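Engineer: So the sequence lines, in the order shown, correspond to chains A and B.
Following the numbering used here from start to finish, the first sequence increments by one per residue and tops out at 1606.
Following the numbering used here from start to finish, the second sequence increments by one per residue and tops out at 314.
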Amino acid sequence: MFNRLSIIVGGPQGSGLETSAQILTYSLAYLRYGVASDREYFSNIKGRHSYVHFLISSDKLPTSLTYPVQLVAALDHETVFTHFDSLQEGGVIVYDVSVEEKTLDTTPSMEEDLKDRLRERFRELGIDGSVKALVKYVSEDKKIHLIPLSYSEIINEAAKKLVLPASQAARYVSSIIIGAVSGLTGLGKNAIEYSLARRFYDRPELIQQNKVIIESVYDKVVRDHGSILKLAPSKLNYKEMMVVSGNDIVAMAKIVGGVRFQSYYPITPAADESFTIESYEKLEVDGLEIGSVLVLQTEDEIAAITSAIGAALAGARASTSTSGPGFSLMVEGLGWAGMNETPVVITYYQRGGPSTGLPTRGSQSDLLFALYASHGEFPRIVLASGDHIEAFYDAIEAFNLAERYQTPVIHLLDKFLANSIVTLPIPDLSNIDIDRGLITHKGGADYKRFDLSTKISPRAFIGYESIMWYTGDEHNELGHIDEDPQNREKMYRKRMEKIKIADEEIPQEKRLTYYGPEDADILLVGWGFVKGVALNALETLTEKGIRTAYLHLRMFSPFPSKMMEKMLKRFDESKIIAVEHSYDSQVSKIISMNTGFQITKEIVKYTGRPIYLNELVDAVLKILKGEERVVLTYGP
Amino acid sequence: MVRKPSDYQSDIWNDWCPGCGDFGIVAAMYRAFAELNLPPEKTVVVSGIGCSGKTPHFVKVNGVHTLHGRAIPFATGLKLANPELNVVVNGGDGDLLGIGAGHFVALGRRNIDLTIILHNNTVYGLTKGQASPTLKRGLRPKALPKPNIQDDVNPISLALASGFTFVARGYSMMTEHLKELIKRAIQHKGAALIDVLQPCVTYDNIHTVEYYKKRVYKLEDAGWNPVVEKIEEKEEKIIKAWIKSQEYDDKIPIGVFYQDPFTPSFEERIKERIPSYLGTPPSRQKIDREGKTIIDDEAFKKIFSHYIVETE
Chain A
971 MFNRLSIIVG GPQGSGLETS AQILTYSLAY LRYGVASDRE YFSNIKGRHS YVHFLISSDK
1031 LPTSLTYPVQ LVAALDHETV FTHFDSLQEG GVIVYDVSVE EKTLDTTPSM EEDLKDRLRE
1091 RFRELGIDGS VKALVKYVSE DKKIHLIPLS YSEIINEAAK KLVLPASQAA RYVSSIIIGA
1151 VSGLTGLGKN AIEYSLARRF YDRPELIQQN KVIIESVYDK VVRDHGSILK LAPSKLNYKE
1211 MMVVSGNDIV AMAKIVGGVR FQSYYPITPA ADESFTIESY EKLEVDGLEI GSVLVLQTED
1271 EIAAITSAIG AALAGARAST STSGPGFSLM VEGLGWAGMN ETPVVITYYQ RGGPSTGLPT
1331 RGSQSDLLFA LYASHGEFPR IVLASGDHIE AFYDAIEAFN LAERYQTPVI HLLDKFLANS
1391 IVTLPIPDLS NIDIDRGLIT HKGGADYKRF DLSTKISPRA FIGYESIMWY TGDEHNELGH
1451 IDEDPQNREK MYRKRMEKIK IADEEIPQEK RLTYYGPEDA DILLVGWGFV KGVALNALET
1511 LTEKGIRTAY LHLRMFSPFP SKMMEKMLKR FDESKIIAVE HSYDSQVSKI ISMNTGFQIT
1571 KEIVKYTGRP IYLNELVDAV LKILKGEERV VLTYGP
Chain B
3 MVRKPSDYQS DIWNDWCPGC GDFGIVAAMY RAFAELNLPP EKTVVVSGIG CSGKTPHFVK
63 VNGVHTLHGR AIPFATGLKL ANPELNVVVN GGDGDLLGIG AGHFVALGRR NIDLTIILHN
123 NTVYGLTKGQ ASPTLKRGLR PKALPKPNIQ DDVNPISLAL ASGFTFVARG YSMMTEHLKE
183 LIKRAIQHKG AALIDVLQPC VTYDNIHTVE YYKKRVYKLE DAGWNPVVEK IEEKEEKIIK
243 AWIKSQEYDD KIPIGVFYQD PFTPSFEERI KERIPSYLGT PPSRQKIDRE GKTIIDDEAF
303 KKIFSHYIVE TE
């Protein structure tokens, strides 16, 4: 029995694989397993290779993914070709016998680069390049357990049983994956049945149709092979678990945090967040409406940020959600919000750049851009979350900080988190504050929006009692254009000093967290999605006798300089390693800028795939042997 | 409370060039606002960049002077967050039809209840007289080193094609007429455009007061009926209006070209989906209970039950 399993399920984009992965995750949650997952896909609707990489645990909530894997369940031959080398010795592969004759030449959807590498590999192995030869090789040389199934037979039998045309039954082909994975891991049919009912509650006919396929595969696999990857019963005690992606949990957080206006222009990997919010536009509890959220799909990202600013001026909690190309268009609006002290939240899911880059892959290469985008100088708050739970609380706190300091807030996330579906306990809501900052409704005709007599001017909303002016020009206390040098100096300083106030008020421990033993030998430094894998690496390295700590940055502006400096000084300079999904290790530059401390060692990855535990551990060992910089590239 | 035009005049010194057509526009606004008795705290003038961009500072209602080309999306956010606001956008021809043309088109598609006053003077005045999107090809106002090589866009035709449900043209020297257009536009429930011919006395030596004096005539004097009286008339009326919009050389019609009271405004469309929208719009909702979220643990589980699995 396994306490931990790594699994890859793969197939062509648009084949139902994502739905299958969801159903499996619901089943795992039902059985209280901890699940982390990463979804990798091309910028494509149908036909290109996609896969979901899972880590399932019976005794903890996993926070990272690793190689090799114990199971590859392949919907098509491209999956077999792409992932056979990721299997651990003694692992299991599920594949379709009817594609046994396929070769790379009959796999037009695969990129030529990978084909070339595989051809080379097949030459080395001395195999002819067919699926048949490949599975024979893995079976003999890597002791891989083969689960050959005839997908067409399974579909035809199901069609007969359901009295459906085979073409229709074929639409549920990805259910074969569910049947195989659940049979091999021994999930139990009731868990699957529960998940089907959840997933297709509005289309009961689909429950039955998928169930027939799943059960026939489940029975066949268990009969012929047994549950050879049986998961140990979960030791986790949650009565309820959530199954959420990063996009989902941020949407939920915004709703809890009181967002009332969300604007967006469609972009990967941010758009799903807005869809989720829109599906809750009427907030109802027991049939009673407790609020509503207006979600506006705009004509571009410029309209997305400027309409959100407009809504904020009227008093609504307002946000927009985007990725790099969209944020590039928002930059002028961001500056206006800074100049006009407008609380607006920008949720920024980074993806691989520059330009269109890798539109469906992850990155952390926009840190410097988020911190410095827009001309001129103005304060901004920049938060970055390391996992789903941090993202939940940070998405709420972003609004509080925006209104408290009357400034734009950028909440930095990434594609890894956006598309990572995990199982989680329900977050605790009892300590969540809603802080709307200084608000006045009694300004009347004498109201000064940019009153200089206080450090932060009380804010009135347009449409209540007062009259006010806003302008992107330098302005006087009333909000009218004013180019006088003395006024300029006062207004400028007042705006800029807000970041100092925020720095004094926001505890540094909330912005920077140290994980690991006080007297660790080495220190990893990172932020965002690095957190999960760094924490797991810390355990693995400590098990290997290298006492490791991880320093996690959660806020870049205002930067927790003092605490950062204190933490870094505890370590020998050669034992501090920055880890980031980028080329330039931007976090090192920001630390150096704020503290003067130079981090000289770095582990970076810019292939668009997440840093895996196995490669991070190896990279740390290389650094300890004297390398300055390790570039990671693992993962198809 | 009765308000006079002067009640809407701010005490900011107006720095437009003496004789600028914009003075006629802002004067017509003061009078229209007074006749409609608009509450200043419930009214917002939104602008972009350029000479027209300064308009909000000269009006004593809420003013939001935004970015070049972006007045419409700023106004969209304000209006949708608080639909009881009267929102009047002032933008130049470069602002609304050049850098901001995408927003102009999008507004038509949404039919949000906004009034757009287009200061149309064929040049970029504040940057010293470059050709604007409404300048015809071949013309050479005095600042241009060479005649204009780009064709012009017709604001009336574009508004009709985009879905604006109130489309009119005014002339800044005929403030009484313009005031009436502004009143009608504000009262119209949907996206309203007033294309205002506005001589730039400094940089446009072609489209002068004399130029317009010879050409401008009122549609209403020619017996034009712009209003779609029955929904079946819509196609016929919009085609006629579009044909009329092409008349722009020897004779220039001013007045209302087209008005469609049937197409639902965006606010009405939202109300179809969120029935409480107009009563408690985004800006009027209470989002906390004594500093705590209104969604407690129990409400959270009920709202997001879709994501929650009760374990075995």
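Here a beta-carbon is modelled for each residue, glycine too, at the ideal position from N, C-alpha and C.
Fair warning: this is a prediction, and the values are worked out from it, not measured in the lab.
1) From A/S1068, A/D1086, A/P1078 and A/I1237, pick the residue whose C-alpha is nearest to that of A/K1102; which is it?
2) Quick one, which residues of the region 1190-1214 of chain A are near chain B if we go by CB-CB under 7 Å, in chain order?
3) May I ask you to report which of helix, strand or coil DSSP gives B/E300?
4) Measure the alpha-carbon distance for B/V311 versus B/V47 and round it to whole angstroms.
5) Output the distance between the C-alpha atoms of A/Y1234 and B/S285, rounded to the nearest integer angstrom.
6) Could you give the first and the last residue of the continuous beta strand (DSSP E) run that contains A/P1329?
7) If you count every other CB in all the chains shown that lies within 10 Å of the CB of A/H1611, and 16 or more means buried, which is it?
8) Taking the straight line between their C-alpha atoms, what separation do you get for A/V1064 and A/T1238?
9) Under 9 Å, Cβ to Cβ, is there at least one residue of chain B near A/I1296?
10) Taking three-plus beta-carbon pairs below 8 Å as touching, is the region 1309-1321 of chain A in contact with the region 1285-1296 of chain A?
11) Can you tell me whether A/D1194 is buried or exposed, with buried defined as 16 or more other CB within 10 angstroms of its CB?
12) Three or more beta-carbon pairs under 8 Å between the region 92-108 of chain B and the region 43-59 of chain B, yes or no?
13) Report back the beta-carbon spacing between A/Q940 and A/P1530 to the nearest angstrom; my notes put them in contact at under 8 Å.
14) Establish whether the CB of B/R275 and some CB of chain A are separated by less than 9 Å.
15) Are any of the Cβ atoms in chain B nearer than 9 Å to that of A/K1252?
16) Under a Cβ-count criterion, where at least 16 other Cβ atoms within 10 Å of its own Cβ denotes burial, should B/G131 be classed as buried or exposed?
17) I'd like the list of long-range same chain contacts for B/G79, defined as Cβ closer than 8 Å, with 5 residues on each side in sequence excluded.
18) Do B/E314 and A/R1002 come within 9 Å of each other at the CB atom, strictly closer than that value?
19) How many angstroms separate the CA atom of B/L221 from the CA atom of B/N227?
20) For a test of the three-state rule: what should DSSP assign to A/P1118, helix, strand or coil?
21) Got a sec? Which residues, its chain only, sit under 8 Å from A/I1247 by beta carbon, not counting five neighbours each side?
22) Counting only runs that start and end within the region 1242-1283 of chain A, where is the alpha helix (DSSP H) found for 4 or more residues in a row?
23) So, for A/G1061: in the same chain, excluding its five sequence neighbours on each side, which residues have a beta-carbon less than 8 Å away from its beta-carbon?
24) For B/G71, count neighbouring Cβ atoms within 10 angstroms of its own Cβ and tell me buried if that reaches 16, exposed if not.
25) Please name the residue in A/F1012, A/A1361 and A/L975 whose C-alpha comes closest to that of A/G940.
26) Looking at chain A, is there any beta carbon in it that lies within less than 9 Å of the beta carbon of B/E312?
27) Under three-state DSSP, which class holds A/Y1021?
28) Below 9 Å between beta carbons is the criterion; list the residues of the region 1030-1062 of chain A that meet it against any residue of chain B, in chain order.
29) Can you pull the chain B neighbours of A/S1262, defined as C-beta to C-beta under 8 Å?
30) So with CB distances below 8 Å, who are the chain B contacts of A/R1230?
31) So what does DSSP say about B/K294, is it helix, strand or coil?
32) Would DSSP call B/R171 helix, strand or coil?
33) Listed in chain order, which residues of the region 1375-1398 of chain A have Cβ atoms closer than 7 Å to some Cβ of chain B?
34) Please confirm whether B/N113 has its beta-carbon closer than 9 Å to some beta-carbon of chain A.
35) Are B/S278 and A/K1190 touching if we call contact CB-CB under 9 Å?
36) So does the region 1280-1288 of chain A actually touch the region 1203-1219 of chain A, counting three or more Cβ pairs closer than 8 Å?
Structural biologist: Let me lay it out:
1) Of the listed residues, the one whose Cα sits closest to A/K1102 is A/S1068.
2) Against chain B - using a Cβ distance shorter than 7 Å - the residues of the region 1190-1214 of chain A are Y1208, K1209, E1210, M1211, M1212, V1213 and V1214.
3) B/E300 falls in the helix class under three-state DSSP.
4) About 50 Å.
5) Going by the C-alpha atoms only, they are around 19 Å apart.
6) Its beta strand (DSSP E) spans residues L1328 to G1332.
7) Any question about residue 1611 of chain A goes unanswered here, given that chain A covers just 971 to 1606.
8) In this structure, the alpha-carbon of A/V1064 lies about 31 Å from that of A/T1238.
9) First, the residue type needs correcting, since residue 1296 of chain A is Gly and not Ile in the sequence shown. Not one chain B Cβ lies under 9 Å of A/G1296.
10) Yes: at least three Cβ pairs fall under 8 Å.
11) By the 10 Å Cβ count, A/D1194 comes out exposed.
12) They touch, by the three-pair rule.
13) Summary: the structure shown does not reach residue 940 of chain A, with chain A confined to residues 971 through 1606, and so no result is reported for it.
14) Answer yes: the Cβ-Cβ gap between B/R275 and chain A drops below 9 Å somewhere.
15) Yes, A/K1252 counts as interfacial toward chain B.
16) By the neighbour-count rule (16 or more Cβ atoms within 10 Å), B/G131 is buried.
17) Around B/G79: no qualifying Cβ.
18) Contact flag set, yes.
19) Straight-line Cα distance between these residues: approximately 8 Å.
20) In the structure shown, A/P1118 sits in a strand (DSSP, three-state: E or B).
21) Only residues of its own chain outside the window of five on either side were considered, and among them A1221, K1224, I1225, V1229, Q1232, V1263 and V1265 have a CB closer than 8 Å to the CB of A/I1247, listed in chain order.
22) 1271-1283, all fully within the region 1242-1283 of chain A.
23) Beyond the five residues adjoining it in sequence on each side, A/G1061 comes within less than 8 Å, by CB distance, of P1038, V1039, Q1040, L1041, V1042, K1112, I1114 and H1115 in the same chain, given in chain order.
24) Around the C-beta of B/G71, 16 or more other C-beta atoms lie within 10 Å, and the residue is accordingly described as buried.
25) With chain A covering 971 to 1606 only, the question about residue 940 of chain A has no answer from this structure.
26) Taking Cβ atoms only, chain A reaches closer than 9 Å to B/E312, which makes this a yes.
27) DSSP, read as helix, strand or coil, puts A/Y1021 in strand.
28) Residues of the region 1030-1062 of chain A with a Cβ closer than 9 Å to any Cβ of chain B: none.
29) Correct list: I276, S278, Y279, T282, P284 and Q287.
30) Those are A83, P284, S285, Q287 and I289, listed as they occur along chain B.
31) Here B/K294 sits in strand by DSSP.
32) In this structure, B/R171 counts as strand in the three-state DSSP scheme.
33) Within the region 1375-1398 of chain A, the residues whose Cβ lies closer than 7 Å to any Cβ of chain B are, in chain order, I1396.
34) It does not: the Cβ of B/N113 has no partner Cβ on chain A nearer than 9 Å.
35) Against a cut-off of 9 Å, the Cβ pair of A/K1190 and B/S278 comes out as no contact.
36) Cβ pair count under 8 Å is below three, so no.
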